[in-house]
Amino acid sequence: MVSCENGIKKGNELSKSDLKYIRDLGLLNENEKIILFSSQGGNRMSGNFLSENRLASYWVENRKENNQINSAKFIEIDTLITTDLSEALTYASYIKVIKKNSSEFKVYVDGKPEKIDEFFEKAISEWKKRKK
Numbered sequence: 172m173v174s175c176e177n178g179i180k181k182g183n184e185l186s187k188s189d190l191k192y193i194r195d196l197g198l199l200n201e202n203e204k205i206i207l208f209s210s211q212g213g214n215r216m217s218g219n220f221l222s223e224n225r226l227a228s229y230w231v232e233n234r235k236e237n238n239q240i241n242s243a244k245f246i247e248i249d250t251l252i253t254t255d256l257s258e259a260l261t262y263a264s265y266i267k268v269i270k271k272n273s274s275e276f277k278v279y280v281d282g283k284p285e286k287i288d289e290f291f292e293k294a295i296s297e298w299k300k301r302k303k
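Numbering (our numbering), first residue to last: 172 to 303.
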């Protein structure tokens, strides 16, 4: 995933149309709130987020075979592995989400190192609080 320096936003900074789009992708329930959000390439094409219930990632483009839409509720997650690539010029940092069913996906996070650390720490603390 190429880094575009779009940074990390709080969920309340997303527009109503962004939230509707994410709901339409099946990644967010009606009353579920996004805590932190990161995008590489614009919110319609790419989004990675931490909500009060899950971690999710999407990449949507014109060629449907390349689309990736992934989500895991905290109770479905077995392991989270963080990789900080904030010093690399061309790649975004990410959280590898390994589900209890052994499937996995990555949640890409782009921004300043301290904001990436904040995203990682918040994701891990929310998972630990809610995984039971």
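Where a beta carbon is used, it is the ideal one built from N, C-alpha and C, also for glycine.
- According to the DSSP assignment, ARG301 belongs to no beta strand (DSSP E) but to the alpha helix (DSSP H) extending over 284-301.
- Secondary structure of SER209 (DSSP, three-state): strand.
- Between the alpha carbons of ASP288 and LYS235 lies a gap of roughly 32 Å.
- Counting of Cβ neighbours within 10 angstroms places ARG225 among the buried residues, the total reaching 16 or more.
- Looking at the DSSP output, GLU275 shares a beta bridge with ILE269.
- Contact check for LYS277 against GLU247 fails: the beta carbons are separated by 8 Å or more.
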